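Participant: I'd like to ask you about the structure that follows.
Residue numbers (the working numbering): 683 to 770.
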């Protein structure tokens with residue numbers, strides 16, 4: 683596996699983790715959230731903005747992972763080339 687494919691895989695996994703975090707923000711009440719998501723006392727609501735930010739981060743990571751994966755799979759023959767001039 684090439685380093686570019688490893689980078690794409692790591693970015694994709696980070697995107698999945700960001701999506702899991704977003705789901706946690708949307709489904710678990712703020713007073714019940716795990717401590718690694720940040721403290722929030724005296725609030726009994728969901729953290730909508732942080733959930734939306736986590737979804738946006740997941741999408742951005744997946745787009746970057748897709749671009750990196752596409753670039754790493756492109757062979758030199760698929761690269762754009764200049765047309766050769768016909769000799770007369």
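Glycine is no exception: its CB is placed at the ideal position from the N, C-alpha and C atoms.
Note that the structure is a prediction, hence the values are computed from the model and not measured.
On the three-state DSSP scale, how would you describe residue 684?
Facilitator: coil
Participant: Just to check my reading of the structure: residue 740 and residue 693 have Cβ atoms closer than 8 Å, yes? What is that Cβ distance to the nearest angstrom?
Facilitator: Rounded, the Cβ-Cβ distance is 10 Å, inconsistent with contact.
Participant: Could you check whether residue 750 and residue 689 sit closer than 7 Å to each other, using their CB atoms as the reference points?
Facilitator: Contact annotation: residue 689 and residue 750 have beta-carbon atoms nearer than 7 Å.
Participant: Can you tell me the Cα-Cα spacing of residue 713 and residue 736, whole angstroms?
Facilitator: Going from the Cα of residue 713 to the Cα of residue 736 covers about 19 Å.
Participant: Please go through the same chain and pick out, in chain order, the residues whose beta-carbon is closer than 8 Å to the beta-carbon of residue 701, but skip the five residues on each side of it.
Facilitator: The residues are 736, 737 and 740.
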